[in-house]
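Enquirer:
Protein chains in written order, with the UniProt record's numbering: chain A, 1 to 188; chain P, 1 to 188.
And the structure:
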């Protein structure tokens, strides 16, 4: 059931870094994005795959995790994602539709979950630095980074409390809690 | 396999309009969006569901289909989608991340395909008119309309030709062809 995949597809931020993710596996995930919809079928997204080497390091150093955890600088060595996919957009003919990268990232992460992996979409990126360090042509704009790996943390979906606070939080066992609004509150 | 769903999840534009889609079914699809990621977990998207009545009519009259088919004004009566989901964003506290609606729409349509339905994300919308006709509060911004129904057309994924033309086209049997770039060309 898709719903099981969607439920398991949480934003994971700690991983079994020692479990490798092959470039071939990342290519299979990108193929899901390739076959997904995009604005006017323009297919302007491109993908940079990294599971080790300098490229991985450059990406890892330029992404910022979990804005609400002000006392947590991101996953420590040993708990980092095994791979990253950088989604960039060819803006030669304009910026296109902003939905494209969300659609692509969702297909990629649902595919990762199906393969017993998981990940996180990261939009807080030092784009200028990363563009430079990846020696990325100016015609490409970095949209999102998708971390991919084997999740080492428990993520629990909670019903939102009456104060309406949407900030995620970690409990004493390091389980990550995500308050979600009720379905009835999302339908106008 | 998710890949089968992704492949079947084409942008469908002609439907068996006589096959009804219940509001309860639309709610199940929105629940998939609810459980999907969004920027900083802000959950600013809201959903308007319509399968008949004035609301459906207002939506139907304010969406524009298939930009590349300049001689086709959209599905005729009898081939229209059975339902629409309008995805709006509560912009009270800012516009949030533009990826949210793409993620939500992708979850919704993958869910529709799993239920033997299909649909189309529509970004070409007379937003001003629709906002007015739905009597939508100013704090909501219309992002996407998702058509949902039982597809009546065949959609064929073709490999892109050497001239690189990405425009979809209809053949003599009214099958809709979508040229997709090769995976190797998407990976930098």
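Backbone N, C-alpha and C fix where the C-beta goes; we use that ideal spot for every residue, glycine too.
Keep in mind the model is a prediction, meaning the values are calculated, not measured.
Name, please, each residue of chain P whose Cβ falls closer than 7 Å to the Cβ of residue 31 of chain A.
Expert: Per Cβ cutoff of 7 Å: 183.
Enquirer: To the nearest angstrom, how far is it from the Cα of residue 44 of chain A to the Cα of residue 91 of chain A?
Expert: Residue 44 of chain A and residue 91 of chain A: Cα-Cα distance of roughly 7 Å.
Enquirer: Interface residues of chain P around residue 6 of chain A at Cβ under 7 Å?
Expert: Correct list: 32, 35, 36 and 107.
Enquirer: CB residue 39 of chain A to CB residue 123 of chain P, shorter than 8 Å?
Expert: In contact: residue 39 of chain A and residue 123 of chain P (Cβ atoms closer than 8 Å).
Enquirer: First and last residue of the beta strand (DSSP E) that includes residue 147 of chain A?
Expert: Its beta strand (DSSP E) spans residues 140 to 149.
Enquirer: Give the residues of chain P in contact with residue 178 of chain A, contact being defined as C-beta atoms less than 7 Å apart.
Expert: Ordered by position in chain P, the residues that pass the 7 Å Cβ test against residue 178 of chain A are 41.
Enquirer: Along chain A, which residues have their Cβ under 9 Å away from the Cβ of residue 101 of chain P?
Expert: By Cβ distance, chain A contributes 98, 99 and 102.
Enquirer: In or out: residue 119 of chain A buried (at least 16 other Cβ within 10 Å) or exposed?
Expert: It counts as buried.
Enquirer: Pick out the complete alpha helix (DSSP H) segments inside the segment 107 to 142 of chain P, 4 residues or longer, and give them in chain order.
Expert: List check, alpha helix (DSSP H) in window: 127 to 133.
Enquirer: On the three-state DSSP scale, how would you describe residue 29 of chain P?
Expert: It is helical.
Enquirer: With residue 49 of chain A as the anchor, note down where its beta strand (DSSP E) starts and where it stops.
Expert: First-last of the beta strand (DSSP E) with residue 49 of chain A: 45 to 50.
Enquirer: Does the segment 123 to 136 of chain A come close enough to the segment 28 to 39 of chain A that 3 or more CB-CB pairs lie under 8 Å?
Expert: Verdict: no, contact absent.
Enquirer: Under 8 Å, do residue 46 of chain P and residue 186 of chain A count as touching if we go by C-beta distance?
Expert: The answer is yes: Cβ separation under 8 Å.
Enquirer: Does any CB atom of chain A fall closer than 8 Å to the CB of residue 3 of chain P?
Expert: Closer than 8 Å to some Cβ of chain A, the Cβ of residue 3 of chain P qualifies, so yes.
Enquirer: Closer than 8 Å, CB to CB, is residue 121 of chain P near chain A or not?
Expert: Yes, residue 121 of chain P lies at the interface with chain A (some Cβ there is under 8 Å from its Cβ).
Enquirer: Can you tell me the Cα-Cα spacing of residue 23 of chain A and residue 148 of chain A, whole angstroms?
Expert: If I take the Cα positions, the gap works out to 11 Å.
Enquirer: In its own chain, which residues sit with a C-beta less than 7 Å from the C-beta of residue 164 of chain P, not counting the 5 before and 5 after it?
Expert: None.
Enquirer: What residues from the segment 134 to 153 of chain A come within 7 Å of chain P, judged by C-beta to C-beta, listed N to C?
Expert: For the segment 134 to 153 of chain A, which is checked against every Cβ of chain P, the residues closer than 7 Å are 144.
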